[in-house]
Each structure stands twice: as C-alpha cells, then as structure tokens.
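Chemist: Handing you this structure, nothing more for now.
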Ligand SMILES: C[S@@+](CC[C@H](N)C(=O)[O-])C[C@H]1O[C@@H](n2cnc3c(N)ncnc32)[C@H](O)[C@@H]1O
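Residue numbers (the working numbering): 49 to 291.
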C-alpha cells in the first residue's frame with residue numbers, strides 16, 4: 049500500500065507536545081540490554097521519536113543515530129541536552145534510509161507495528177538486513193496480541209482521571225487486516241484532544257517468517273527486558289534476529 053509521507057508523520061506530529069509527559073519512563077534494563085548489544089555502536093533506532101531511549105543510550109557511551117517521519121518529534125529530540133549529538137534522518141523507516149552498517153538496529157515500544165501492511169513490514173526486515181554488520185542484531189520490542197481485550201471488536205479503557213481531567217483509550221480491532229485503530233482522548237474543561245494511532249500487529253510466528261524472507265533468523269526471544277523467557281503468559285516479546 050502506498051501511503052503519503054504525511055501519514056507516517058501524522059501520529060508523531062500530533063502527539064509530539066505531550067509525548068514525553070505521557071511516556072516519560074524508560075526501563076533501565078532496556079538501556080542495559082541495548083548497550084550490551086550495541087558495544088561502542090553505532091546503533092540505529094527506527095522511529096527514534098523524542099529520543100526517550102536513544103539519549104540514555106548515548107549517555108552510556110553508545111553512538112546512536114535515528115530515523116523518524118515526524119519532524120516535530122525530532123525537534124523535541126534535538127532540543128534536549130545531547131540531542132544535537134544524534135544524527136537523524138527524516139523518512140520512512142521501512143526504507144531504512146541511512147548509509148552504513150550497524151551492529152545493532154532496534155525498534156522499540158511497538159513502533160514496528162506502525163507499518164500498516166505485511167508488505168511494508170517485510171520491506172523493513174529486508175532493508176534492515178542490508179544495514180546489519182555480519183554479526184549484527186535486529187531487535188524488535190512488540191506487544192503480544194491479546195484478543196481477550198476486545199468485545200465485539202471494541203475496547204474502551206480509562207487511562208487517568210481527576211476532577212478536571214479524563215484520559216481514555218478507544219480501540220477498534222480488525223482481525224482481517226490485523227489492525228488496531230485507537231483514539232487516545234484527553235479531556236479537560238476546555239475541550240477534548242484526539243491522538244489517533246493505527247497499528248498492524250503480527251504474531252511472533254509471522255515476525256519470524258518475515259525475518260526468514262529477509263535472510264535473518266531468530267537468535268533469542270525474551271518476555272521482558274530482564275531477559276526472562278518468552279512464554280504464553282508474556283505480555284510483550286523482545287525478538288533478536290541475526291544473519
Ligand atoms: C511510539 S513512538 C516511539 C518513539 C521512541 N522509539 C520511543 O520509544 O519513545 C513512534 C515513533 O515512530 C515514528 N514513526 C511511525 N511510523 C513511522 C515510519 N513509517 N517511518 C518513520 N517513523 C515512523 C513516529 O513519528 C514516532 O516518533
């Protein structure tokens with residue numbers, strides 16, 4: 049499916065001003081694991097956003113660069129201390145539009161699922177494979193799809209509330225396209241703001257098959273950043289692919 053470039057940047061552009069407030073915390077174990085895999089780097093983050101993960105990695109001595117479609121998210125990154133030290137490319141991360149080869153390419157926080165078709169997701173794997181060093185690793189952090197969340201293909205959940213504020217997530221599920229379409233809605237007394245998110249989830253087996261099409265193989269799969277094994281109870285999966 050061809051998409052207009054603004055469609056990729058839409059999520060980031062809309063959410064850039066509140067992103068760090070909503071999603072501030074990063075698990076230190078994630079930074080430890082990424083730093084260990086990257087060595088001195090350079091590491092490449094796909095969908096780098098405001099640098100929530102990349103900046104702590106840089107502070108650990110890893111050279112990082114990034115790709116993102118949203119100039120507003122990247123402006124947030126560049127305004128932070130150390131942000132100017134991270135080279136960024138504005139573009140579609142399915143193309144991996146950078147030069148060079150990397151010992152670590154990573155895409156975290158379910159961002160891989162922002163590619164809305166199987167073709168785009170396969171293309172991403174194929175382009176990543178071209179940019180990995182021979183012993184390099186491609187790491188994806190994704191959620192485990194949970195169909196029990198939905199009743200008649202819908203889910204509404206309360207995220208936060210107080211006397212003058214309400215935040216809810218309203219979600220529709222399309223099992224044919226494997227799409228989840230959510231509206232994060234934030235209400236204050238002055239009105240509502242909408243932050244739409246579209247994702248195409250993939251099952252672990254589909255991720256592994258996409259990797260194989262790109263000449264990669266599953267090397268490890270963790271159920272969390274503490275590297276506990278992935279099981280049927282795991283809420284997320286962290287998949288590591290190598291050549
Ligand atoms: C949920 S944020 C994650 C940002 C960062 N990785 C983090 O963990 O905080 C997703 C980011 O991916 C970017 N993005 C989504 N689809 C993209 C695409 N096809 N190409 C490049 N960037 C994309 C968005 O602009 C946004 O900055």
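Where is the CB? At the ideal position from N, CA and C, for every residue including glycine.
Under a three-way DSSP split, which group does residue 149 fall into?
Modeler: Looking up residue 149 in the chain shown gives position 101. Coil.
Chemist: Looking at the unbroken alpha helix (DSSP H) that takes in residue 284, where does it start and where does it end?
Modeler: On the chain shown, position 236 is the one that residue 284 refers to. It is not in any alpha helix (DSSP H) - residue 284 instead sits in the beta strand (DSSP E) that spans 284 to 290.
Chemist: I'd like to confirm the pairing. Which residues does DSSP put opposite residue 269 in its beta bridges?
Modeler: Working through the chain shown from its first residue, we reach residue 269 at position 221. BP columns for residue 269 point to 287.
Chemist: Using a threshold of 9 Å, state whether the C-beta atoms of residue 233 and residue 260 are closer than that.
Modeler: As a working note, residue 233 is residue 185 in the chain shown. As a working note, residue 260 is residue 212 in the chain shown. No.
Chemist: Nearest to residue 241 by CA position, among 217, 187, 131, 141, is which residue?
Modeler: If you number the chain shown from 1, residue 241 lands on position 193. Residue 241 has its Cα closest to that of 217, out of 217, 187, 131, 141.
Chemist: Can you tell me where the alpha helix (DSSP H) holding residue 176 begins and where it ends?
Modeler: Stepping through the chain shown from its first residue, residue 176 is reached at position 128. 166 to 178 is the span of the alpha helix (DSSP H), which, as asked, contains residue 176.
Chemist: Which one or two residues does DSSP pair with residue 241 in a beta bridge?
Modeler: Mapped onto the chain shown, residue 241 falls at position 193. 234, per the DSSP bridge assignment.
Chemist: Runs of 3 residues minimum, wholly inside the stretch 105 to 142: which ones carry the beta strand (DSSP E) assignment?
Modeler: You should have 112 to 116, 136 to 138.
Chemist: Give me, in chain order, the residues of the same chain whose beta-carbon lies closer than 7 Å to that of residue 54; leave out the 5 immediate sequence neighbours on both sides.
Modeler: Counting from one through the chain shown, the residue named residue 54 turns up at place 6. Its pLDDT being 48, under 50, residue 54 is placed unreliably by the model, and the measurement read from it follows with that caveat. Closer than 7 Å at the Cβ level, and outside the excluded window around residue 54, lies no residue.
Chemist: Within the continuous beta strand (DSSP E) that includes residue 210, where are the two ends?
Modeler: Here residue 210 refers to the residue found at position 162 of the chain shown. Per DSSP, residue 210 belongs to the beta strand (DSSP E) from 202 to 210.
Chemist: Measuring from the CB of residue 118, is there a heavy atom of ligand 1 at a distance below 8 Å?
Modeler: For the purposes of this step, residue 118 is taken as the residue at position 70 of the chain shown. Residue 118 Cβ: within cutoff of ligand 1.
Chemist: If I follow the unbroken beta strand (DSSP E) through residue 217, where does it start and stop?
Modeler: Mapped onto the chain shown, residue 217 falls at position 169. Counting along the chain, the beta strand (DSSP E) containing residue 217 begins and ends at 213 to 222.
Chemist: Compute the Euclidean distance between the alpha carbons of residue 287 and residue 134, then round it to the nearest angstrom.
Modeler: Residue 287 sits at position 239 when you count from the first residue of the chain shown. Residue 134 sits at position 86 when you count from the first residue of the chain shown. Roughly 25 Å separates the two Cα atoms.
Chemist: To which residues does DSSP link residue 248 through a beta bridge?
Modeler: By 1-based counting over the chain shown, the position of residue 248 is 200. 227, per the DSSP bridge assignment.
Chemist: Straight-line CA distance for residue 271 to residue 277?
Modeler: Counting from one through the chain shown, the residue named residue 271 turns up at place 223. Counting from one through the chain shown, the residue named residue 277 turns up at place 229. Approximately 5 Å between the Cα atoms of the pair.
Chemist: Determine the DSSP secondary structure at residue 300, reduced to helix, strand or coil.
Modeler: Residue 300 lies beyond the stretch modelled for the chain, which goes from 49 to 291, so this question has no answer here.
Chemist: Should residue 88 be labelled buried (16 or more other beta-carbon atoms within 10 Å of its own) or exposed?
Modeler: Taking the first residue of the chain shown as position 1, residue 88 is located at position 40. Exposed: under 16 other Cβ atoms inside 10 Å.
Chemist: What number of angstroms, rounded off, separates the C-alpha of residue 49 from the C-alpha of residue 186?
Modeler: Mapped onto the chain shown, residue 49 falls at position 1. Mapped onto the chain shown, residue 186 falls at position 138. Its pLDDT being 41, under 50, residue 49 is placed unreliably in this model, and the coordinates cannot settle the point.
Chemist: Which word fits residue 181, buried or exposed, when buried means at least 16 other C-beta atoms lie within 10 angstroms of its C-beta?
Modeler: On the chain shown, position 133 is the one that residue 181 refers to. With fewer than 16 Cβ atoms within 10 Å of its Cβ, residue 181 is classed as exposed.
Chemist: Going straight from the alpha carbon of residue 212 to that of residue 229, what length do you get?
Modeler: As a position in the chain shown, residue 212 is number 164, starting the count at 1. As a position in the chain shown, residue 229 is number 181, starting the count at 1. Cα-Cα distance, rounded: 26 Å.
Chemist: May I have the straight-line CA-CA distance separating residue 252 from residue 237, to the nearest angstrom?
Modeler: On the chain shown, residue 252 is found 204 positions in, with the first residue counted as 1. On the chain shown, residue 237 is found 189 positions in, with the first residue counted as 1. Whole-angstrom Cα-Cα distance: 42 Å.
Chemist: For ligand 1, is there a heavy atom less than 8 Å away from the beta-carbon of residue 288?
Modeler: On the chain shown, residue 288 is found 240 positions in, with the first residue counted as 1. Because no heavy atom of ligand 1 lies under 8 Å away, the Cβ of residue 288 does not count as near it: no.
Chemist: Straight-line CA distance for residue 244 to residue 78?
Modeler: Translated into the one-based positions of the chain shown, residue 244 becomes position 196. Translated into the one-based positions of the chain shown, residue 78 becomes position 30. C-alpha separation (whole angstroms): 26 Å.
Chemist: For residue 157, collect the residues of the same chain with a Cβ closer than 7 Å to its Cβ; drop the 5 residues on either side in sequence, then sort them by chain order.
Modeler: Here residue 157 corresponds to residue number 109 of the chain shown, with the count starting at 1. These residues qualify, in order along the chain: 189.
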